[in-house]
Each structure stands twice: as structure tokens, then as C-alpha cells.
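First the structure, in the form of C-alpha cells, and then the observations on it.
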Amino acid sequence: MPLVRASAAPNLALSKYWGKRPGGAANLPVADSLSVTLNAFRTTVELRAARQDLILWAPAAGGPTAPLPDRLLPPYTRVLAAARRDWDLPPGLEATFLPTLEPAQGLAGSAAAFAAFAAALTILGGRSLSHPEDLRRASILARLGSGSACRSLHGGFVRWQRGELSDGSDSFAIPLPPVLPDLALLVVLLAPGRKATSSTEGMLRSAATSRLFPWWIDRCNQDCDAIQAALQANDFATLGHHAEANALALHAVCLASTPPLLYATPDTLRVFQLAADLRAQGLPVYVTLDAGPNPVLLHLPPARARLHSELGALFPQAPLLDLWPGDGARHEPR
Ligand code: PMV
Numbered sequence: 031m032p033l034v035r036a037s038a039a040p041n042l043a044l045s046k047y048w049g050k051r052p053g054g055a056a057n058l059p060v061a062d063s064l065s066v067t068l069n070a071f072r073t074t075v076e077l078r079a080a081r082q083d084l085i086l087w088a089p090a091a092g093g094p095t096a097p098l099p100d101r102l103l104p105p106y107t108r109v110l111a112a113a114r115r116d117w118d119l120p121p122g123l124e125a126t127f128l129p130t131l132e133p134a135q136g137l138a139g140s141a142a143a144f145a146a147f148a149a150a151l152t153i154l155g156g157r158s159l160s161h162p163e164d165l166r167r168a169s170i171l172a173r174l175g176s177g178s179a180c181r182s183l184h185g186g187f188v189r190w191q192r193g194e195l196s197d198g199s200d201s202f203a204i205p206l207p208p209v210l211p212d213l214a215l216l217v218v219l220l221a222p223g224r225k226a227t228s229s230t231e232g233m234l235r236s237a238a239t240s241r242l243f244p245w246w247i248d249r250c251n252q253d254c255d256a257i258q259a260a261l262q263a264n265d266f267a268t269l270g271h272h273a274e275a276n277a278l279a280l281h282a283v284c285l286a287s288t289p290p291l292l293y294a295t296p297d298t299l300r301v302f303q304l305a306a307d308l309r310a311q312g313l314p315v316y317v318t319l320d321a322g323p324n325p326v327l328l329h330l331p332p333a334r335a336r337l338h339s340e341l342g343a344l345f346p347q348a349p350l351l352d353l354w355p356g357d358g359a360r361h362e363p364r
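Position one of the sequence shown corresponds to residue 31 (our numbering), numbered consecutively onward.
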């Protein structure tokens, strides 16, 4: 029986994290970001006592777990080492990751994994996910694995405040009040598969070479404020406008990098055009896009049927995934 089980879900940024402060390994961002945690694709982590630390991974389809390859280990050992500095944990731990999503589907499965891992270590350290101070610490731990993972500790809408301190102790995610409960997200899986350039590599390249990068930093802080204000006002259209503009700005920064980072495909751009056409007809539909080709349509339930029929006609082969805001990290029964 595991010592602890915990789970967490991926999150989708409405104002994106793209750029690390110099120094690298702690994933300290250049700007705030704001996300919504998803209701699906949770990853569960089980922790067991072991002779030595071991990270195991199961395929999303179930089946036998296998050790994570050495090249993927550093962020996991970073999280574990930081947790050991804080808390009295067993000297050897076996962590088994049970994802429900293939990492290759590009839906931020790593955020779910690191958030679940940080949550499990927090519980094993004798802390509770219902205490804000412990959740803050867990968010910092998750950030050390993958920046965006710090947002998945919380459910619903979440803001990651960049912080100022070089030790990162003020760079963590904060939950925002629950609003817009009927926000719906439709993922168009145009091209499942790993992105050509990892986000870490892409961020470094953009910061080093994109003339738009200083503009991007200001833009993100403004978009976060505007989206947070739109949430407070229950104003979906303003939220959607800023989320779409932020995603397009991210891709402008990427295109202006050297060599250019081209994540969108012609089909991705057709989805942006579809959303613009539907808005012209009075349907509030907006698009966001991470560092990959698969767009996500932000909408309210009355638009769902129309979106499905338009997208089904445009891309008959592409799976369409209906998602909603979901819960943060959870302590699961053993
Ligand atoms: O946390 P990372 O290193 O996987 O970076 C995530 C980057 C984006 O998904 C493009 C944006 C975001 O804020 O999630």
C-alpha cells in the first residue's frame, strides 16, 4: 500500500508564462500568468518507501510502470531535494506516476504530474492541502519541476505572481474567487505529438533573440490584470478578448525569435479565423493557444453545438475535447 496518494489536473493559461528570469533552474518567471485548472486528465502519484529514490511512470493507457529515463529525471530530483530540505521525509522514496493522458498530446501533462508530486510530498511531510500556507509551499515545490505546474495546485482560476526575490519564496500561485462557472473549453486536437521545441528552450530563445520580448513582459502583466478584472465582473467577452490577444502576442514573440519558433499550423490559424467569423455573427467565442498547434476555444455552453458542427466540418479527423474548470490537487484515498 502506498504511503500517500495525490492527484492533480493540467491547467490552461489565459495569460501565458513565457520567459524565465536569468538563473534558470528555479523556473522564476519574468511576468505574472493566469490560468484555469481543467476538469480532466488528472495524474495520480503514489509514494512508497524504498531503498533508494526511484521515479516510475505508467503509460496513460495503463500497463506496467517503468523507471523514468535518466535524461528526464533532473526536475523530479530537484523537487524531491527541495521537499527534503523542508520536511522530514523517508530517505528513499519510490514515486509512481499514473497519468490519464499521453504526454505527447501536448495538454500540459507535466503540470499535472509535478503538481501531484508536490502535493504528495507535502502530505507525506505531515502538511495538509487544506492549509493555505502548505499549499503555497507545495506550489513553490511544483514550480521547481515545471513552472506552469505551480498553478495546478489550485482549482478554478489561478494567478501565478512572479515575485521579486531571487530565492523564489514569493513566486507561487494564488487561487482567484470562483466565478464564471459555465466557462467551457473546447480543445481541437489538430496534431497530437510532442512540440518541436520544448517550452524551456523556446523561452530562452525568445528572451535572448526576440525584439518583442520587453513588450511581451508588459503585455502579460496588463493582460493578467485585465482578465482578473473581467473575472470579478463576470465579463466573459473581456476575458476572451484578452486571452486571445495574449496568445497571439505569445506567438508574435515566438515568430520574431531567431531562429523563429513556429508552433501554429495553417489549420491552427483557420480556427482563429472561425472564432472571428462566429464573433461577427454575435457568438462569443475566443481562442487560446499554448506553444503547440492545438487551439482551445473559450466559449459559453450555448455556443457548443455550433462549434462542434463547424469544427467537425473543417477538421473531420481531429478529436474535439469538451473541458470545464476543475479542481486543484487532491489527497486521494490509499
Ligand atoms: O511550465 P512549462 O515549462 O511547461 O511552460 C508552459 C508554457 C506555456 O504552456 C506555453 C504557457 C503556460 O503558461 O502554461
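Cβ coordinates follow ideal geometry from the N, Cα and C atoms, glycine included.
Which residue's Cα is closest to the Cα of residue i: the options?
i, options, result
"Gly322", "Arg173, Gly155, Gly53, Gly232", "Gly232"
"Tyr47", "Pro349, Ser201, Gly185", "Ser201"
"Arg192", "Asp248, Arg101, Asn324", "Asp248"
"Ala91", "Thr67, Thr130, Thr74", "Thr130"
"His23", "Pro32, Asn41, Ser65", "With the chain covering 31 to 364 only, the question about residue 23 has no answer from this structure."
"Pro32", "Phe266, Leu151, Ala38, Thr67", "Leu151"
"Ala221", "Asp265, Ser45, Tyr293", "Tyr293"
"Gly53", "Ser63, Ser45, Asp197", "Asp197"
"Ser199", "Lys225, Leu219, Thr227, Arg166", "Arg166"
"Ala286", "Phe144, Asp212, Ser240", "Ser240"
"Asp116", "Gly155, Ala143, Thr126", "Gly155"
"Gly185", "Gln82, Cys254, Pro40, Pro97", "Pro40"
"Thr295", "Leu337, Ala226, Asp265", "Ala226"
"Ala277", "Asn264, Trp190, Cys254, Asn69", "Cys254"
Can you give the Cα-Cα distance for residue i and residue j, rounded to whole angstroms?
i, j, result
"Thr95", "Leu84", "12 Å"
"Leu123", "Val283", "41 Å"
"Trp246", "Leu280", "7 Å"
"Asp307", "Leu195", "45 Å"
"Leu103", "Pro332", "44 Å"
"Leu327", "Arg334", "10 Å"
"Pro59", "Gly177", "8 Å"
"Gly93", "Leu119", "29 Å"
"Ala256", "Arg78", "44 Å"
"Ala43", "Pro355", "12 Å"
"Glu76", "Asp100", "20 Å"
"Gln347", "Ala359", "33 Å"
"Asp297", "Leu242", "25 Å"
"Glu163", "Pro289", "42 Å"
"Ala148", "Val109", "7 Å"
"Leu319", "Leu330", "18 Å"
"Ala111", "Pro325", "36 Å"
"Thr67", "Asn251", "20 Å"
"Arg157", "Ala113", "12 Å"
"Leu299", "Val218", "12 Å"
"Val34", "Arg364", "7 Å"
"Leu337", "Ala214", "11 Å"
For the beta strand (DSSP E) that contains residue i, what are its first and last residues?
i, result
"Phe302", "Per DSSP, Phe302 belongs to no beta strand (DSSP E); it is in the alpha helix (DSSP H), 296-310."
"Tyr316", "315-318"
"Trp48", "Segment: none, Trp48 is in no beta strand (DSSP E) and carries neither H nor E."
"Glu362", "360-362"
"Leu216", "214-218"
"Thr74", "73-79"
"Phe202", "202-205"
"Arg35", "34-38"
Once the 5 residues before and after residue i are set aside, which same chain residues still bring their CB inside 6 Å of it?
i, result
"Arg173", "Asn57, Cys180"
"Pro105", "Gly175"
"Ser169", "Cys180, Leu183, Phe202, Ala203"
"Ala146", "Ala36, Ser37, Ala38, Thr73, Val75"
"Leu128", "Thr74, Ala88"
"His361", "Ala36, Ile153, Leu159"
"Phe302", "Val317"
"Gln82", "Gly122"
Apart from the five residues on each side of it in sequence, which residues of its chain come closer than 7 Å, Cβ to Cβ, to residue i?
i, result
"Ala80", "Gly122, Leu123, Glu124"
"Leu261", "Phe187, Leu206, Val209, Leu210, Leu269"
"Glu340", "Leu304"
"Asp212", "Leu330, Pro331"
"Arg309", "Val315"
To which residues of the same chain is residue i closer than 8 Å at the C-beta, ignoring the five residues directly before and after it?
i, result
"Gly342", "Leu350"
"Lys50", "Asn57, Leu58, Pro59, Val60, Gly177, Thr230, Met233, Leu234, Ala237"
Could you pull the start and end residues of the alpha helix (DSSP H) that residue i belongs to?
i, result
"Gln191", "From DSSP, Gln191 is part of no alpha helix (DSSP H) but of the beta strand (DSSP E) over 187-191."
"Val66", "Careful: Val66 lies outside any alpha helix (DSSP H), inside the beta strand (DSSP E) at 63-67."
"His272", "266-285"
"Ser339", "334-344"
"Thr107", "104-116"
- Message: Using a strict less-than 5 Å threshold between each residue's beta carbon and the heavy atoms of ligand 1, what residues do you get?
- Response: Ala43, Lys46, Tyr47, Ser63, Ser176, Gly177, Ser178, Ser229, Asp320, Ala321
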